[in-house]
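One structure is given below, encoded as structure tokens.
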Amino acid sequence: MIDADIKTMALQTLTLRLPDSIYQRLVDLAQKSERPLEEETVSLINAALITDAELVADISDRLNQLALLTDEELWSAAASRASEDDNELMQELLEKRQREGLTPEEFEQVQVLSKHFNHMMMVRAKSAALLAERGHDISALAVTP
4 MIDADIKTMA
14 LQTLTLRLPD
24 SIYQRLVDLA
34 QKSERPLEEE
44 TVSLINAALI
54 TDAELVADIS
64 DRLNQLALLT
74 DEELWSAAAS
84 RASEDDNELM
94 QELLEKRQRE
104 GLTPEEFEQV
114 QVLSKHFNHM
124 MMVRAKSAAL
134 LAERGHDISA
144 LAVTP
């Protein structure tokens, strides 16, 4: 089923010319999710569009709050890393996507993990920038563990 919000909206017709490879991926995803091609395509487009607008507002607020942290808290945030489990899961899902495609649940997992990784990267960068503004030498953060 298409998301409830989408079902209540006025619908517009859009004709797309897609390369065969993209079209086939959409067909494969629709078959795996047992949804009509149109429904799967609308769901994917909706997921891609929603994340950009929501991500900007959410992250902007959180990044601004970092200025309130102590230096010790900023060092901790700047050095934070994604868990090994999250990294492994993302790697597995990306490899599966290349091989055979993802189920809707797996696609959602990739979206959630991507958002988490992007947020973490921005927090790390902003924390490092704040530490530098406060006069700290942040060169140690560039060294990978």
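Sequential numbering of the sequence shown, starting at 4, is according to this note's numbering. All C-beta atoms, glycine included, are put in the ideal place defined by N, C-alpha and C. These figures come from a predicted structure and were not determined experimentally.
Under the assumption that residue i contacts residue j (Cβ atoms under 8 Å), give the Cβ distance between them as a whole number of angstroms.
i	j	result
Ile25	Met125	Their Cβ separation, rounded to whole angstroms, is 29 Å, which puts Ile25 and Met125 out of contact at 8 Å.
Leu66	Leu134	Not really, about 14 Å apart at Cβ, beyond 8 Å.
Leu96	Gln114	That pair is no contact at about 10 Å.
Ser130	Leu69	6 Å
Lys99	Glu109	7 Å
Rounding to the nearest angstrom, what Cα-Cα distance links residue i and residue j in this structure?
i	j	result
Leu137	Asn90	A small fix is needed here, since residue 137 is Arg in this sequence, not Leu. Between Arg137 and Asn90, the C-alpha separation is close to 32 Å.
Glu87	Leu29	31 Å
Thr44	Met123	29 Å
Ala150	Lys35	Outside the shown range of the chain (4 to 148) lies residue 150, about which nothing can therefore be said.
Thr106	Pro22	22 Å
Pro39	Asn49	15 Å
Leu32	Val146	40 Å
Ala85	Gln15	40 Å
Thr73	Ser142	19 Å
Ala7	Ala51	Because the pLDDT at Ala7 is just 49, under 50, the model does not fix this residue reliably, and the point stays unresolved.
Met93	Gln101	12 Å
Glu37	Arg127	40 Å
Phe120	Gly104	21 Å
Leu17	Leu144	48 Å
Glu75	His139	11 Å
Asp60	Glu41	Note on residue identity: the sequence assigns Ala, not Asp, to residue 60. If I take the Cα positions, the gap works out to 30 Å.
Arg20	Ser79	48 Å
Glu57	Leu116	15 Å
By the 10 Å Cβ neighbour count, where 16 or more other Cβ atoms means buried, how is residue i classified, buried or exposed?
i	result
Ala81	buried
Ser83	exposed
Ser46	buried
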